[in-house]
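Chains as they are written, first to last, in my numbering: chain A, 1 to 719; chain B, 1001 to 1481.
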C-alpha cells in the first residue's frame, strides 16, 4: 500500500565515515539511530510523515538495534509514549506535525515536562508554516515556554540538523527536560549530505529489557504535591542546567563580522535565507562570511541571557529576525537588555513583517531598513536598485498578465471514493436545500474547494461532529458532519460520536472509510484491511464501534453507488427518527489501490491473462458544453477540449487518459439526469476465443444492418 | 572568474506529476559532476493537481567547502525557470521569478485546465495569448513547445522532455551524459525516459508560434448547416434552413449572417431522443472511440452508453396535443422531475444497436412531434427578434443572435438555459424593441445578462443583473423629466 522507501532505508544503514545523502527528515531519522534511541513513535503529517514511514519499512534495522516503534493513533498517545523516559534511562523520540499535533499532545506534554525525564526525550515537530502549509499559522514556541521544554531550531543544513538531534538528547538528559526540535517544511525536504556515524544500540532496548520496574518514587508523578516541587525544579535546576549546556557545548553560533556596531540575532532555521538577503546587499558571500556579526539561535528556548547581553553589549543596534507571531524572542531580548541595563536598540517586527513566512524578499526589505537606520554610511544604492528592479519587473509582469490567472487548488485524485459522496451531497441539497456542512481535516477537506465548495467550519482533526453539536439544536435542518476514518480514530470517535450519543444529538455523520490516513501519505490505521505488524484482518471496525457506542441508524454504503448514497443521505436528513445517523462511505483510497493494481495488472497482462480495462468517454457530438458534469465531479481526468464541431464554440467535456474507470461520471450523468453523452468502454486485453467469436458475430450482424460497415481489420496470424 | 552566486532553478509543477523525480534527476546529475547542490520542495498533501514548486541551487564550481544555499527562491534571482504547464509558467512570471536580465524559461505550452476553466457553463478557458507575450518580454531566453505532445510522441513522460530541454539549453555546467546517467541510475522506465529526454534535447531550440485563428466565413457555416440538417432530417429541412437564413442575409450584414448561420443550424438540429440515437450508432463514432482508447485492430471492446430519458423527452416525440396532456398530468402528479428511465445501452452489441437504430428511425416521424413544433415556433420567434432589432441597431441584433448560445443541453440544463433566454427576452430584448431604451444600451444589457446567465447554474447572477436593469429602466423616465 505505501510507497517503497528501499533507497532511503539503505541510507539508514550507513557506517561511520560514509556519506549520507538525502532529505532533512531522513537525516533526522538516521541521527536518531546514531543517538541510541530505545523507542520511537509518532503520528503522521506533512512534513514529517517520512520519519515514521521509513522506520515502518526498516523492521530489520529496528530489530537489530532493539528499537521499539509505535505508530500512534494520535499525537496525545505519541507524547504519552515519552513517559517511558520519566522512570527509565531510555532515549525516546516522537514526531508529529505542528501546530496541530502539539495542540493534541499538549496535555501529555505538560505532565511529561512537569515530571521531567531521566532518559533523553526528543520531539521532532514539523513546523507547518508559510508557503505550502496546510494548518493554522501558529508557533510551537508557545508550548516550549509554557511547559518549560526546550526548543531547537537548527540551521537548515544536514550536519547542523544531525548535530542538534544528537545534542538534543544530551541536553534533555543534562536538564531532565523533554526537548522539541522544530523543522520547517522546506527544511524537512531539503537535500544535502553529512558524514554518518555508526548506529548505536541502546543499553535499554527490546534486545536487553529492564529486569524490574522502577521503584516507586512519588516525585516522578505529575500529581500534587509533587507538582509544586516540579514547578520550582523547572526554574531553579532544569533551566539553569540547560543554559549551562547550551553555552558550554556551543549550541548557538556566533558568526563574526567587521560591522561591530550592529548585529543580527536570528532563529537557526532562517539563517540560510538571511545570508542570501545579506548577499543581496553585498554584506555577505555565498559561504556565509557576513560583515554583520550574527548570533544564530539553534536553541530558541530557553534563551541564554548572558549570551544575548554579551552579543549586544557595545552595539548601537541589533536586528531580531524571528518569524511568526507573537514575537516571544524579541520581547525576551528587550527584557534581558533592560535588566542588564544595556542600551542597544532592538529592531525586529516593524522592519520585518509581523505575519507570514520570512522569505528572502521580506528579509532583504527588512535589512535595507535596518542598515539605513543604523549604518547609513554603507552605500546600498546598487543593491537597492537591483532589488527595486526585480520588484518593478514583477509589477510589470502582473500588469501584463492581469489578476485572472486561474487558481489551481489541490483536489481529489482521479477515481477517489470521496468525490461521489460530495456529488451526492450536492444532489441532496437540490431536494432539501442548503445544508450546514461541518468539515474536518483530511482529504475530504478538499471538498471545500471548487467545484464542491462545501463546508462551513473546520475545527480540527476528528472534530467535525463535535463542531456541529451546537449548530443542530439551533437549526431547522440537521447539520451534516464529514469525517475521515483517520479523523474518526484520531479523535472523532470520542469527541464526536460518543459525545453526540451521550447528548442525544440529532445530526448526521458521514465517515469516509478509505482504509488509510491518506492525506498524510497513506498510512495504516486501526480499521485498515492490513497492519504493519501482521497481515491478519480483524482490527477495529468502524461500524461495530459506532453501534457499540449506541448509534441506532447506521448505513454502510459503497462510495461509488451514487443513487444509494443520495437515498441514504436524503433519508438521514429527513427521517423522523431522532438520534445520530451515521453513514459509512466505504471505498478504498484510490491512490493506494492504484499503486497496488498497477503492478498486478502489468503482471497479468505480461503473463497473457485476460484483463478488462475500463475507461469512460464523452461523445463530442452529443456534449453541448454546459459542463454540469464537471461541476458535480471535478475529477482531474474529466476535463475540457476545444469543440471539434465547427458550429460550436464552447469547449466540450472530455475524459483524458488518466481515467481509472471508477465509473463516477457515468453515475453522475445518470443520477443527476445530465446528458446522454457519457459512455463506458470495456477493452479486453488478451481476449479468449469466446471474446473474439462473440465480438466478430456482433460486428458482422451490425455490419449487415448498415452500422459499422467494415469489420475492424483482423490481427495477423500469430498475434 | 570565481562564482559568487549559485545557479538557481525553480520548477513549477502540479501535484502528482512527479516534479520530485525531475528534481532528483537534476540534483543527481549535479552530484555526479561534483557540484554542491541542494534541493527542497513544498509537496504538502499527497493529492493531485494542486500547483506546487521545487527549488534547486547548484554551486557551479567544484569546492571542498559547502556554500550556504537558500531554501527559498527570490524574485529576480532565478536562472532557470521550468514549468510543466503554460499557466504555471504564467504564474511564475507573475510572481517575479522570470526576469529579462537572468532567467531562461523552459516551459511546456500545453494546457491542463484548472477547475474554474473546466466548470464554467460556457467557455471559461484562460486566454494564453498574454502569456506568450509575457514569456517573450520577461525571460532572457526561452524554450517553449508542447512537451505533453512531445512526451506522447516519444512514448515518454513530460518530465523527461523537460530534463532534455534543460540539458540542451546549456544553462548548467553539466554534460548531457551526466543527465542520462541520472535517469539510468533510477532504474525505472529507463528506455522510455531516455527517449523523452532525447526528444527534449533535440528540440531544446524549439520555439512556439502563436497559431493564427482561422477565419470563419459565413459560407463555411452555411455549408456545414446544410450538411448537418440533411443528415439530421432531410433535404427539405435543409432548404428550410437556407430560406430562413436568406431573410437574415437580406439585411446585408455579413457578420450577423455568419453568426445566425451557425446558431440556426444548431438550433434546428436540436438534440431530441431521435438525434441522440442517430449519433450513438454512427460509424464515425466507433472509429473515434477506437482511436481514443487505442484499441488494437480486432481487439474486442464493449461500449455502454448511459442514457436516462425522462417523461418529457419521451412525450416530446408524441403529437403536440397528446404530449401536452401527458406532460400536464406528470407535472400535476409530480412525476416530471422524478421519473426517468435509466439504462446502459450496449451500442456496439446487437441488442443495444437495434434499440438505437429503431429510435433513430423515428426521424421521419419527427415533424409531427411536439418538440419539433415547439422548437420551430421558438426559432421563428428568435429570427423575428433579430430582424426587428436589425432595423434598429445591428449590434443589438448580433447580441440577440448570440443568446441562442444559452439554449443547449438536455433535461434540466436545457430547461434552465431556455428559462434564462426567455427572461432576457422578456426583460431586456422586448423593452428594447418597443423603444423603451436606446438600442446600444440594450445591446450592452443583453451582453451583461448573457454573461450573468453563464456565471452560475443557480441563476443568482442573472437575477441580480436583470433586477438592476429593470431598476434602471424604472429610473429612466424620472431622469428624463
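Glycine residues also receive a C-beta, built at the ideal position from the N, C-alpha and C atoms.
Note that this is a predicted model, so its numbers are computed, not measured.
Q | Where the region 1034-1045 of chain B meets chain A: residues whose CB sits under 8 angstroms from a CB there | A | 1037, 1038, 1039, 1040, 1041, 1042, 1043, 1044, 1045
Q | Presumed contact (8 angstroms Cβ cut-off) between residue 93/A and residue 174/A, rounded CB distance | A | As a working note, residue 93/A is residue 93 in the first chain. As a working note, residue 174/A is residue 174 in the first chain. That belief does not hold up - the Cβ atoms of residue 93/A and residue 174/A are roughly 17 angstroms apart, past 8 angstroms.
Q.
Taking the beta carbon of residue 1421/B as the centre, do at least 16 other beta carbons fall within 10 Å, making it buried, or is it exposed?
A. As a first step, residue 1421/B must be located in the second chain, where it is residue number 421. It is buried - the Cβ of residue 1421/B has at least 16 other Cβ atoms within 10 Å.
Q) In the structure shown, what three-state DSSP assignment does residue 418/A receive? A) As a first step, residue 418/A is located in the first chain; it is residue number 418 there, counting from the start. The answer is coil: DSSP assigns residue 418/A none of H, G, I, E or B.
Q) Around the Cβ of residue 19/A, are there at least 16 other Cβ atoms within 10 angstroms (buried) or fewer (exposed)? A) Counting from one through the first chain, the residue named residue 19/A turns up at place 19. The residue is exposed, with fewer than 16 neighbouring Cβ atoms inside 10 Å.
Q: Counting only the same chain and skipping the five closest in sequence on each side, list residues whose C-beta sits under 7 angstroms from that of residue 650/A.
A: Within the first chain, the letter at position 650 stands for residue 650/A. Only 625, 643 meet the Cβ criterion.
Q) Smallest Cα separation from residue 434/A: which of 129/A, 470/A, 410/A, 476/A? A) Walking along the first chain from the start, residue 434/A turns up at place 434. Checked all of 129/A, 470/A, 410/A, 476/A; the closest Cα to residue 434/A is 476/A.
**Q.** Residues near residue 1389/B in its chain [Cβ-Cβ closer than 6 angstroms; skip 5 each side]
**A.** Numbered from 1 along the second chain, position 389 holds the residue referred to as residue 1389/B. Excluding residues within five positions, the ones whose Cβ falls inside 6 angstroms are 1396, 1397, 1400.
Q: Just tell me which of 1065/B, 1127/B, 1167/B has its CA closest to the CA of residue 285/A.
A: Against the first chain, residue 285/A aligns to sequence position 285. Checking every option, the nearest Cα to that of residue 285/A belongs to 1065/B.
Q | Test: residue 275/A CB closer than 8 angstroms to a CB of chain B | A | Along the first chain, one-based indexing puts residue 275/A at 275. Taking Cβ atoms only, chain B reaches closer than 8 angstroms to residue 275/A, which makes this a yes.
Q) Looking only at its own chain, which residues have a Cβ that is under 6 angstroms from the Cβ of residue 1235/B, when we skip the five neighbours before and after it? A) Position 235 of the second chain, counted from the first residue, corresponds to residue 1235/B. For residue 1235/B, where only same-chain residues beyond five positions count, there are no Cβ hits under 6 angstroms.
Q) Can you tell me where the beta strand (DSSP E) with residue 1008/B in it begins and where it stops? A) Position 8 of the second chain, counting from 1, holds the residue named residue 1008/B. First-last of the beta strand (DSSP E) with residue 1008/B: 1007-1014.
Q. Which class does residue 1110/B belong to by DSSP, given the choice of helix, strand or coil?
A. Numbered from its first residue, the second chain carries residue 1110/B at position 110. Residue 1110/B: coil per DSSP, three-state reduction.
Q | Interface partners of residue 287/A on chain B, CB under 8 angstroms | A | The residue you call residue 287/A lines up with position 287 of the first chain. Those are 1065, 1067, 1068, listed as they occur along chain B.
(Q) Pairs of beta-carbons, one from the region 51-62 of chain A and one from the region 9-25 of chain A, closer than 8 angstroms: are there three or more? (A) yes
Q) Between the region 1363-1384 of chain B and chain A, which residues of the former have CB atoms less than 8 angstroms from a CB of the latter, in chain order? A) none
**Q.** Contact check, residue 1056/B vs residue 1009/B, beta carbons under 8 angstroms
**A.** The count along the second chain starts at 1 and reaches residue 1056/B at position 56. The count along the second chain starts at 1 and reaches residue 1009/B at position 9. Cβ atoms of residue 1056/B and residue 1009/B: closer than 8 angstroms.
**Q.** Pick from 516/A, 318/A, 560/A, 557/A that is closest to residue 540/A, judged by C-alpha positions
**A.** The sequence position of residue 540/A within the first chain is 540, counting from 1. Of the listed residues, the one whose Cα sits closest to residue 540/A is 516/A.
**Q.** Contact the region 16-34 of chain A vs the region 77-90 of chain A: 3+ CB pairs below 8 angstroms
**A.** no
**Q.** Cβ pair residue 618/A, residue 652/A closer than 8 angstroms
**A.** By one-based count along the first chain, residue 618/A stands at place 618. By one-based count along the first chain, residue 652/A stands at place 652. In this structure, residue 652/A lies closer than 8 angstroms to residue 618/A by Cβ.
Q) Does DSSP put residue 641/A in a helix, a strand or coil? A) Within the first chain, the letter at position 641 stands for residue 641/A. The answer is strand: DSSP assigns residue 641/A an E or B state.
Q: Determine the direct distance from the alpha carbon of residue 268/A to that of residue 79/A, and round the result to whole angstroms.
A: Residue numbering aside, residue 79/A sits at position 79 when the first chain is read from its first letter. Residue numbering aside, residue 268/A sits at position 268 when the first chain is read from its first letter. Taking the straight line joining both Cα atoms gives about 25 angstroms.
Q. Residues in the region 1165-1179 of chain B with C-beta within 9 angstroms of chain A's C-beta atoms, listed in sequence order?
A. none
Q. Is the distance from the Cβ of residue 1050/B to the Cβ of residue 410/A below 8 angstroms?
A. What you label residue 1050/B is simply residue 50 of the second chain in a count that begins at 1. What you label residue 410/A is simply residue 410 of the first chain in a count that begins at 1. A contact, by the Cβ cut-off of 8 angstroms.
Q.
Taking only three categories from DSSP, how would you classify residue 689/A?
A. What you label residue 689/A is simply residue 689 of the first chain in a count that begins at 1. Residue 689/A falls in the helix class under three-state DSSP.
Q. Beta strand (DSSP E) containing residue 1152/B: first to last residue?
A. Locating residue 1152/B in the second chain gives position 152, where the first residue counts as 1. Looking at the DSSP string, residue 1152/B is not in any beta strand (DSSP E); the run it does join, the alpha helix (DSSP H), is 1147-1153.
(Q) Could you check if residue 63/A belongs to the surroundings of the ligand FMN, using beta carbon to heavy atom distance under 7 angstroms? (A) Among the ligands in the structure shown, none appear at all, so the ligand FMN cannot be discussed.
Q. So, are the CB atoms of residue 1076/B and residue 397/A less than 8 angstroms apart?
A. To locate residue 1076/B, count along the second chain from 1; it is residue 76. To locate residue 397/A, count along the first chain from 1; it is residue 397. No, they are not a contact pair.
Q: Just confirm the distance between the C-beta atoms of residue 660/A and residue 610/A, as a whole number of angstroms; I'd bet it's less than 8 angstroms.
A: The sequence position of residue 660/A within the first chain is 660, counting from 1. The sequence position of residue 610/A within the first chain is 610, counting from 1. About 19 angstroms; that fails the 8 angstroms criterion.
Q | DSSP three-state assignment for residue 591/A, whether helix, strand or coil | A | Here residue 591/A refers to the residue found at position 591 of the first chain. Helix, per DSSP.
Q: Determine which residues share a DSSP beta bridge with residue 96/A and list them.
A: One-based indexing of the first chain puts residue 96/A at position 96. Bridge partners of residue 96/A: 125/A.
Q. Are the Cβ atoms of residue 1258/B and residue 1197/B separated by less than 8 angstroms?
A. In the second chain, the residue the question calls residue 1258/B occupies position 258. In the second chain, the residue the question calls residue 1197/B occupies position 197. Their beta carbons are not under 8 angstroms apart, which means residue 1258/B does not touch residue 1197/B by this criterion.
**Q.** Proximal residues to residue 1244/B (C-beta, below 7 angstroms), its chain only, five neighbours per side dropped
**A.** As a first step, residue 1244/B is located in the second chain; it is residue number 244 there, counting from the start. These residues qualify, in order along the chain: 1264, 1383.
Q. Among all the DSSP beta bridges, which residues are the ones paired with residue 348/A?
A. If you number the first chain from 1, residue 348/A lands on position 348. Bridge partners of residue 348/A: 350/A.
Q. Can the beta-carbon of residue 511/A be found closer than 8 angstroms to that of residue 582/A?
A. Numbered from its first residue, the first chain carries residue 511/A at position 511. Numbered from its first residue, the first chain carries residue 582/A at position 582. In this structure, residue 582/A lies closer than 8 angstroms to residue 511/A by Cβ.
Q: Under 8 angstroms Cβ to Cβ from residue 375/A, same chain only, skipping five residues before and after it: list those, please.
A: Here residue 375/A is taken as the residue at index 375 of the first chain, counted from 1. Taken in chain order, the residues that qualify are 259, 261, 262.
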